[in-house]
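Quick note: the sequence shown uses the UniProt record's numbering, first residue 1, plus one each step. For glycine and all other residues, C-beta sits at the position ideal for the given N, C-alpha and C. Encoded as structure tokens, the structure appears first; notes follow it.
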Amino acid sequence: MGLVKPKKFLGQHFLKDLSIAKDIADTVDVCPDLPILEVGPGMGVLTQFIMQKNRPVKVVELDYESVAYLRENFPALEDNIIEDDFLKLNLEKLFDGKPFVLTGNYPYNISSQIFFKMLDYKDLIPCCTGMIQKEVAERIAAGPGSKTYGILSILIQAWYKVEYLFTVHEHVFNPPPKVKSAVIRMTRNETTELGCNEKLFKLIVKTTFNQRRKTLRNSISSILDKENPLSADLIFNKRPEQLSVSEFIEL
Numbered sequence: 001m002g003l004v005k006p007k008k009f010l011g012q013h014f015l016k017d018l019s020i021a022k023d024i025a026d027t028v029d030v031c032p033d034l035p036i037l038e039v040g041p042g043m044g045v046l047t048q049f050i051m052q053k054n055r056p057v058k059v060v061e062l063d064y065e066s067v068a069y070l071r072e073n074f075p076a077l078e079d080n081i082i083e084d085d086f087l088k089l090n091l092e093k094l095f096d097g098k099p100f101v102l103t104g105n106y107p108y109n110i111s112s113q114i115f116f117k118m119l120d121y122k123d124l125i126p127c128c129t130g131m132i133q134k135e136v137a138e139r140i141a142a143g144p145g146s147k148t149y150g151i152l153s154i155l156i157q158a159w160y161k162v163e164y165l166f167t168v169h170e171h172v173f174n175p176p177p178k179v180k181s182a183v184i185r186m187t188r189n190e191t192t193e194l195g196c197n198e199k200l201f202k203l204i205v206k207t208t209f210n211q212r213r214k215t216l217r218n219s220i221s222s223i224l225d226k227e228n229p230l231s232a233d234l235i236f237n238k239r240p241e242q243l244s245v246s247e248f249i250e251l
């Protein structure tokens, strides 16, 4: 079959620069020997280099035309092409419950949702790499005091070391996106337990950043126990973007 036409409703922007594809594939080397799951392989420009890693590889692709292209051009992948929506998959079943590396040139319209799903399976995913919109990558890597620091930054950095690796310009895609892209790598840190109620931690982070102009005293006073020894602390006079990940955990 011929080349696959990118579909706007799927957020498809096919990478056409082979050197960049190889550089992205090489980001998985930080977690050697683990099997690899690629999300949104399209026509396999990244897949071809991932398969050279000599590890078990599975790909998840929703677009039926891309699936047909992959089956025709990557026969070695035949039994490892999953035609489905990544966001609906039970990731525990993919590699018999064993850890794996997550990578891809992620569909831009669901990149944040992909990383929230990664957090749900963080014990199975010690390493996640790939390409996303530059602005999303900056949000994930941002630190306290930055305008881009927010919910995604904190929830991911609580569990992962984040590296913003390099920027990718629009002209290397078909069709060119309207924004720049970036390649990032997230590697699990040594945290196994936050030492706090994880649901409350997520609630505090989301509540404060949904009211980011308010001080913590005004945004979460109804959430925290009034007997909390921190309730009179000066930290409550701060806005959420001024707090580190560890300070949010302490709350």
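Straight-line CA distance for residue 271 to phenylalanine 201?
For residue 271 there is no data in the structure shown, the boundaries of the chain being 1 and 251.
Opening and closing residue of the beta strand (DSSP E) in which valine 183 lies:
Here residue 183 refers to the residue found at position 183 of the sequence shown. Counting along the chain, the beta strand (DSSP E) containing valine 183 begins and ends at 181 to 188.
How would you call glutamate 227, buried or exposed, if buried means at least 16 neighbouring beta carbons within 10 angstroms?
If you number the sequence shown from 1, residue 227 lands on position 227. Reliability fails at glutamate 227, whose pLDDT of 47 lies under 50, so the model's placement of it is uncertain and the value that follows must be treated cautiously. So glutamate 227 counts as exposed.
Whole angstroms are fine: how far does the CA of threonine 215 sit from the CA of glutamine 157?
Working through the sequence shown from its first residue, we reach residue 157 at position 157. Working through the sequence shown from its first residue, we reach residue 215 at position 215. Near 22 Å, if we compare the C-alpha coordinates of threonine 215 and glutamine 157.
Taking 8 Å as the cut-off, does the segment 110 to 117 touch the segment 126 to 136 (at least 3 CB pairs, one atom from each stretch)?
yes
Out of Leu203, Asp33, Met43 and Pro41, point me to the one whose CA is closest to proline 126's CA.
Looking up residue 126 in the sequence shown gives position 126. Nearest option by C-alpha distance: Asp33.
Does DSSP classify tyrosine 160 as helix, strand or coil?
Against the sequence shown, residue 160 aligns to sequence position 160. Tyrosine 160 falls in the strand class under three-state DSSP.
Going by DSSP, what residue range makes up the beta strand (DSSP E) through threonine 129?
Here residue 129 refers to the residue found at position 129 of the sequence shown. Here the beta strand (DSSP E) through threonine 129 covers 127 to 133.
For a quick check, are the C-beta atoms of leucine 94 and lysine 58 less than 7 Å apart?
On the sequence shown, residue 94 is found 94 positions in, with the first residue counted as 1. On the sequence shown, residue 58 is found 58 positions in, with the first residue counted as 1. The answer is yes: Cβ separation under 7 Å.
Using the C-alpha atoms, what's the distance from glutamine 48 back to proline 75?
On the sequence shown, residue 75 is found 75 positions in, with the first residue counted as 1. On the sequence shown, residue 48 is found 48 positions in, with the first residue counted as 1. C-alpha separation (whole angstroms): 12 Å.
How about tyrosine 64 and methionine 43: do their beta carbons lie closer than 7 Å?
Here residue 64 refers to the residue found at position 64 of the sequence shown. Here residue 43 refers to the residue found at position 43 of the sequence shown. Contact: no.
Leaving out five residues before and five after glutamate 170 in sequence, what residues of the same chain have Cβ atoms less than 7 Å from its Cβ?
Here residue 170 refers to the residue found at position 170 when the sequence shown is read from its first residue. Around glutamate 170: Pro176, Pro177 and Lys180.
Considering only residues of the same chain and omitting the five flanking positions on each side of glycine 104, which have a CB-CB separation below 6 Å?
By one-based count along the sequence shown, residue 104 stands at place 104. Taken in chain order, the residues that qualify are Glu38, Val39, Gly40 and Gly130.
contact_flag[the segment 78 to 90, the segment 15 to 31] where n(CB pairs < 8 Å) is 3 or more:
no
Contacting residues, own chain, Cβ-Cβ under 8 Å from proline 144 (five flanking each side not counted)
Counted from its first residue, the sequence shown places residue 144 at position 144. Here the set comprises Glu241, Gln242, Leu243 and Ser244.
Hey, quick one: how far does the alpha helix (DSSP H) through valine 245 stretch, first residue to last?
Sequence index remark: in the sequence shown, residue 245 carries index 245 (1-based). Segment 245 to 250, the alpha helix (DSSP H) holding valine 245.
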